[in-house]
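Notes follow the structure.
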Amino acid sequence: MEYTANELMIVNAARLLRDGDTVFVGVGVPNLACNLARRTHAPSLLMIYEAGVVGARPARLPLSIGDPTLVSGSALVCSMFDIFSLYLQRGNVDVGFLGGAQIDKYGNINATVVGEYGHPKVRLPGSGGSMEMAAWANRCYIMTPHQKRRFPEKVDFCTSAGFVSGHGERAAAGLRGKGPQAVVTDLGIMEPDETGEFVVTALHPGVLVEQLQANTGWDLRVAREVRVTAPPQEHELQILREELDPQGIYR
Amino acid sequence: MEYTANELMIVNAARLLRDGDTVFVGVGVPNLACNLARRTHAPSLLMIYEAGVVGARPARLPLSIGDPTLVSGSALVCSMFDIFSLYLQRGNVDVGFLGGAQIDKYGNINATVVGEYGHPKVRLPGSGGSMEMAAWANRCYIMTPHQKRRFPEKVDFCTSAGFVSGHGERAAAGLRGKGPQAVVTDLGIMEPDETGEFVVTALHPGVLVEQLQANTGWDLRVAREVRVTAPPQEHELQILREELDPQGIYR
Amino acid sequence: MTKLMSLHDAIKQYVEDGDCVYAAGFTHLIPFAAGHEIIRQGIKDLTLARATPDLIYDQMVAAGCARKVIFSYIGNPGVGSLRIIRAEVEAGGLEIEEYSHFGMISRLQAGASGLPFIPMNQTGACDLEQSNPNYKRVKDPYGGKDVVVLPPLHPDVAIVHVQRANDEGYAQIWGILGEQKEAAFAARHVIVTAEEIVPDEVIRSDPNRTLIPGFIVDAVCHVPYCSHPSYTQGYYDRDNVMYLAWDKISENPDEVKRYLDEWVYGVADRREYWEKLGKETHDRLKVRPRFSYPVDYGAY
Amino acid sequence: MTKLMSLHDAIKQYVEDGDCVYAAGFTHLIPFAAGHEIIRQGIKDLTLARATPDLIYDQMVAAGCARKVIFSYIGNPGVGSLRIIRAEVEAGGLEIEEYSHFGMISRLQAGASGLPFIPMNQTGACDLEQSNPNYKRVKDPYGGKDVVVLPPLHPDVAIVHVQRANDEGYAQIWGILGEQKEAAFAARHVIVTAEEIVPDEVIRSDPNRTLIPGFIVDAVCHVPYCSHPSYTQGYYDRDNVMYLAWDKISENPDEVKRYLDEWVYGVADRREYWEKLGKETHDRLKVRPRFSYPVDYGAY
Numbered sequence: 005m006e007y008t009a010n011e012l013m014i015v016n017a018a019r020l021l022r023d024g025d026t027v028f029v030g031v032g033v034p035n036l037a038c039n040l041a042r043r044t045h046a047p048s049l050l051m052i053y054e055a056g057v058v059g060a061r062p063a064r065l066p067l068s069i070g071d072p073t074l075v076s077g078s079a080l081v082c083s084m085f086d087i088f089s090l091y092l093q094r095g096n097v098d099v100g101f102l103g104g105a106q107i108d109k110y111g112n113i114n115a116t117v118v119g120e121y122g123h124p125k126v127r128l129p130g131s132g133g134s135m136e137m138a139a140w141a142n143r144c145y146i147m148t149p150h151q152k153r154r155f156p157e158k159v160d161f162c163t164s165a166g167f168v169s170g171h172g173e174r175a176a177a178g179l180r181g182k183g184p185q186a187v188v189t190d191l192g193i194m195e196p197d198e199t200g201e202f203v204v205t206a207l208h209p210g211v212l213v214e215q216l217q218a219n220t221g222w223d224l225r226v227a228r229e230v231r232v233t234a235p236p237q238e239h240e241l242q243i244l245r246e247e248l249d250p251q252g253i254y255r
Numbered sequence: 005m006e007y008t009a010n011e012l013m014i015v016n017a018a019r020l021l022r023d024g025d026t027v028f029v030g031v032g033v034p035n036l037a038c039n040l041a042r043r044t045h046a047p048s049l050l051m052i053y054e055a056g057v058v059g060a061r062p063a064r065l066p067l068s069i070g071d072p073t074l075v076s077g078s079a080l081v082c083s084m085f086d087i088f089s090l091y092l093q094r095g096n097v098d099v100g101f102l103g104g105a106q107i108d109k110y111g112n113i114n115a116t117v118v119g120e121y122g123h124p125k126v127r128l129p130g131s132g133g134s135m136e137m138a139a140w141a142n143r144c145y146i147m148t149p150h151q152k153r154r155f156p157e158k159v160d161f162c163t164s165a166g167f168v169s170g171h172g173e174r175a176a177a178g179l180r181g182k183g184p185q186a187v188v189t190d191l192g193i194m195e196p197d198e199t200g201e202f203v204v205t206a207l208h209p210g211v212l213v214e215q216l217q218a219n220t221g222w223d224l225r226v227a228r229e230v231r232v233t234a235p236p237q238e239h240e241l242q243i244l245r246e247e248l249d250p251q252g253i254y255r
Numbered sequence: 027m028t029k030l031m032s033l034h035d036a037i038k039q040y041v042e043d044g045d046c047v048y049a050a051g052f053t054h055l056i057p058f059a060a061g062h063e064i065i066r067q068g069i070k071d072l073t074l075a076r077a078t079p080d081l082i083y084d085q086m087v088a089a090g091c092a093r094k095v096i097f098s099y100i101g102n103p104g105v106g107s108l109r110i111i112r113a114e115v116e117a118g119g120l121e122i123e124e125y126s127h128f129g130m131i132s133r134l135q136a137g138a139s140g141l142p143f144i145p146m147n148q149t150g151a152c153d154l155e156q157s158n159p160n161y162k163r164v165k166d167p168y169g170g171k172d173v174v175v176l177p178p179l180h181p182d183v184a185i186v187h188v189q190r191a192n193d194e195g196y197a198q199i200w201g202i203l204g205e206q207k208e209a210a211f212a213a214r215h216v217i218v219t220a221e222e223i224v225p226d227e228v229i230r231s232d233p234n235r236t237l238i239p240g241f242i243v244d245a246v247c248h249v250p251y252c253s254h255p256s257y258t259q260g261y262y263d264r265d266n267v268m269y270l271a272w273d274k275i276s277e278n279p280d281e282v283k284r285y286l287d288e289w290v291y292g293v294a295d296r297r298e299y300w301e302k303l304g305k306e307t308h309d310r311l312k313v314r315p316r317f318s319y320p321v322d323y324g325a326y
Numbered sequence: 027m028t029k030l031m032s033l034h035d036a037i038k039q040y041v042e043d044g045d046c047v048y049a050a051g052f053t054h055l056i057p058f059a060a061g062h063e064i065i066r067q068g069i070k071d072l073t074l075a076r077a078t079p080d081l082i083y084d085q086m087v088a089a090g091c092a093r094k095v096i097f098s099y100i101g102n103p104g105v106g107s108l109r110i111i112r113a114e115v116e117a118g119g120l121e122i123e124e125y126s127h128f129g130m131i132s133r134l135q136a137g138a139s140g141l142p143f144i145p146m147n148q149t150g151a152c153d154l155e156q157s158n159p160n161y162k163r164v165k166d167p168y169g170g171k172d173v174v175v176l177p178p179l180h181p182d183v184a185i186v187h188v189q190r191a192n193d194e195g196y197a198q199i200w201g202i203l204g205e206q207k208e209a210a211f212a213a214r215h216v217i218v219t220a221e222e223i224v225p226d227e228v229i230r231s232d233p234n235r236t237l238i239p240g241f242i243v244d245a246v247c248h249v250p251y252c253s254h255p256s257y258t259q260g261y262y263d264r265d266n267v268m269y270l271a272w273d274k275i276s277e278n279p280d281e282v283k284r285y286l287d288e289w290v291y292g293v294a295d296r297r298e299y300w301e302k303l304g305k306e307t308h309d310r311l312k313v314r315p316r317f318s319y320p321v322d323y324g325a326y
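Chains as they are written, first to last, in this note's numbering: chain Z, 5 to 255; chain D, 5 to 255; chain C, 27 to 326; chain W, 27 to 326.
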């Protein structure tokens, strides 16, 4: 079966989730990945939204992270202060999904500015809750198309911390979470090595390491063993296309 | 009309309340004073309980500060953390009522121990919320029977701050509230002078200054002008006896 | 004592040139009607604070009401940029003060609690901390890592939209709570706008639902559909069509001017605005009921 | 996944000798049944933490379960002393750790928030601060007065009684909220006792009412009348007669022993206890209904 680059990322991200995980969900592709996991191998996955919604069961695909469909029929709604303090800072969130305009070698993310902060070339939306999610969720995943401008050696501005400038810095700052555990792109998957540097650990079917290197801004290293991901399965694509995103907004 | 010592204190405390005041209420006599004020000159007095109840309209006289009758029909119920931070610490409470085993010359109160803290002769209940109420309510009133053992020159333990050891110390500690503004007893009323020391400012009908001195543990000073309080009025006593405390528990 | 007044009068009385305004609501309950009224009254030099400025601050900046924006996420949620604010920031025409979400609401929580600061654990992402001098660090006196702290935010005015309130300002909210309560307690003045003004007995039937006490509220305004194109849970849906449309409108200054002329300056108040939206939009945003199970407080 | 189990099994599994236990509830919802079960199981050396120890900790101390009490108000509310705890403290037989109410709940809030400390403004009353080394001061980095800080409290087990929960532990509370939420989030293990176990759809009909999420809960126990002689708003009244009676009983060690023998050791569980109380008490504590107006969340 044919599939798009987005579908490939969504399916591979979904497979990283474990049954019983509490996931801090953003809208768009992470939302689809979580819902796909819930409908396949992780039926007790619990979705938490930074707007303060726990255990949402959206009846439709929400455009915004604060859509009313997330609230009706959810298990708990609390204030933003509570969601950030009692849930995220307290260590009650297993997984966070992150994205941004730039991701560097150590998994640091820039969602703030391209160029200088005081005189930005491009002003991006900024942190929202991603600074805290990256710090305190037990593990984070990053989803992004594989493009060279998105993968500089060092981000212009560190909106949310990966491994900062190498392993150990998270522990030194006392961060609760283990940091980004995988970057899922449309070409493959990168994971941190023992120094905190992201290296190629998996390729999607038919993709060559050289393609990743050509689309990455640093000298990309490759893990000793690189697996090839299983292609999106028919039932995964069916759920995505027929149940989760029937209008094909994120196809 | 005849009246008891308690009724005398309640009526005089009620008269100190202003219409529109938000009052942090304890049970017992302060509760009666507030309800009497509401039914006479201060119909929009708002009662707040440290249990987190705002705008209570108790249908019966509660034994405890957390009675269910305070909740049903009240305007707002919040957590204890909210009541202490958003209401009291933020400065949203006009009046607090305090009591204790000892009250000293500067209006400091001991509700913790008689004797040494580590080896108490008498262990009392402790602060509860009175430490914060004394600090942050805009003004406080103290109600207590006039007995020498209750009025030592200096409290054994300072559970809640009056003027500490003289005027200016409240400001030095940055306390929001103005501190205790009156001690209402069954003999008269004492108010702080410019040094923060409590002096006699009013006598109940038929009481002599000497009686107060005889029942006070420090060298009691008398204000230049001492008024005589108006005796409890018939309608005040009627409300107290017929509506608020028909069983006469606090008579 | 009733605090009921028209939204026009409430804005006139409580919002002044140069004020810091916090129009609360995380996606939900955003008081668009109040923002439009501020634009119509030509109020200037405002500092506009909100975790997510959303379309309403983009429109207020476009109309020239603001000199500064305080925020933690400056996007059109689920759509992309807030083009007008973004362009002003890139051109250096608008002062900004930026936080993460937790930082922003911690400032409100400190303000609401009367505290000089609120601590947060470190996040490892220090660039924002270094760009904004309000961020400071404090040593943990128990020997752990230093914490990051922020000072209180005390807006001059908080505007809070709610589902129902009584005429004294006791206000009940359900659905996404965002930072409504904290903004109200942190502010010097509070304007409550409500979908419904209800009898006192409705409020008192469920006191745990009340988030804002009347005695901190200055004005209560009955403004049905106040939050369109945002939404009010249980009353009408979010108008995603408008959120997508603004992305196009805001590409072009002429279109923006046309929009403001037609939908803000061209209507007297929210009632006219809502009527002008027309039946098709009304129908599209209609919501079928889904009621909560009642709870029993008991008659004590 | 259901977490339903008997209270006996929940206590057996989650409360161990030497633990710090926080049985939550400010006057309201005090989980007496759990305290009695702990007594019956002969658990020892506990640190008992509660803002207001109330009768339940007086009884647990009498039964020899505790080596230490952490508290902020150690009275029989509206009646007088907790005679047993008071006598033990005066005799030096019980370790204490004391706070004000705000200090106590700030410790829980810090614990619930994963913070190393929480600041409070100064109160001018320094004797307690000087008696308890957990109190420290921190300089305000913005130049104001020093603040008073306290470290987090992380009880080994929090026991939280609620009106209704589903079998996963999502729990809804109305009436006085006390420190129920904060205790649950601060603790390592959470036991929820509920007047009613309700279908998931009841909880999900009103998500704003849910204070505790199931995934932080270890055990859910269906225990009607769990809080007598305290009360559950809307379910039964506070038994003031018992609060007054305890004042007499606790004057005399023989009477205390007789009480424990009859009402704790002498019954198997809460159901037997409640039946034993008899019809007259049941009738006295009965409450007429007073329902909340429902709210509409909308079917989106």
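Built from N, CA and C at the ideal position, the CB exists for glycine as well. These numbers come from a predicted model, not from an experiment.
is_contact[residue i, chain W] using C-beta, thresh 8 Å
i	result
phenylalanine 85 (chain D)	yes
alanine 325 (chain C)	yes
arginine 255 (chain D)	no
glycine 221 (chain D)	no
arginine 93 (chain C)	no
Candidates the options, of which the one nearest residue i by Cα
i	options	result
alanine 60 (chain D)	D:Arg43, D:Leu67, D:Leu80, D:Pro47	D:Leu80
tryptophan 200 (chain W)	D:Ser76, D:Pro66, D:Ser164, D:Ala18	D:Ser76
glutamate 121 (chain C)	C:Pro103, C:Trp300, C:Cys91, C:Met146	C:Cys91
serine 107 (chain W)	W:Lys274, W:Ser253, W:Thr307, W:His62	W:Lys274
proline 250 (chain W)	W:Tyr40, W:Cys46, W:Leu55, W:Trp272	W:Leu55
Proximity below 8 Å, CB of residue i to CB of residue j
i	j	result
glycine 240 (chain W)	glycine 169 (chain W)	no
lysine 162 (chain C)	valine 175 (chain C)	yes
asparagine 158 (chain C)	glutamate 205 (chain C)	no
aspartate 35 (chain W)	lysine 70 (chain W)	no
proline 129 (chain D)	tyrosine 99 (chain W)	yes
leucine 67 (chain D)	alanine 46 (chain D)	no
glycine 97 (chain W)	alanine 77 (chain W)	With the sequence shown as reference, residue 97 (chain W) is identified as phenylalanine, and glycine is not the correct amino acid for it. Cβ distance < 8 Å, so phenylalanine 97 (chain W) and alanine 77 (chain W) count as in contact.
tyrosine 121 (chain D)	alanine 186 (chain D)	no
alanine 210 (chain W)	isoleucine 238 (chain W)	yes
Within-8 Å CB hit, residue i to chain C
i	result
methionine 194 (chain Z)	no
glutamine 148 (chain W)	no
asparagine 96 (chain D)	yes
8 Å Cβ cutoff, residue i in contact with chain Z
i	result
threonine 28 (chain W)	no
Cutoff 8 Å: residue i Cβ touching any chain D Cβ
i	result
arginine 230 (chain C)	yes
So within the stretch 118-206 of chain D, which uninterrupted alpha helix (DSSP H) runs reach at least 4 residues, ignoring any that extend past its ends?
As far as the stretch 118-206 of chain D is concerned, its whole alpha helix (DSSP H) runs of at least 4 residues are 134-140, 173-176.
request  = Tell me the start and end of each unbroken beta strand (DSSP E) in the stretch 15-92 of chain D that is at least 3 residues and wholly inside, in chain order.
outcome  = You should have 26-29, 50-53.
Item to complete: Mind the definition here: the stretch 24-44 of chain Z touches the stretch 98-111 of chain Z only if three or more C-beta pairs lie below 8 Å; say whether that holds.
Response: A contact exists between the stretch 24-44 of chain Z and the stretch 98-111 of chain Z.
Query - 4 or more residues per run - each alpha helix (DSSP H) lying fully within the stretch 225-292 of chain C - result: 226-230, 266-275, 279-286, all fully within the stretch 225-292 of chain C.
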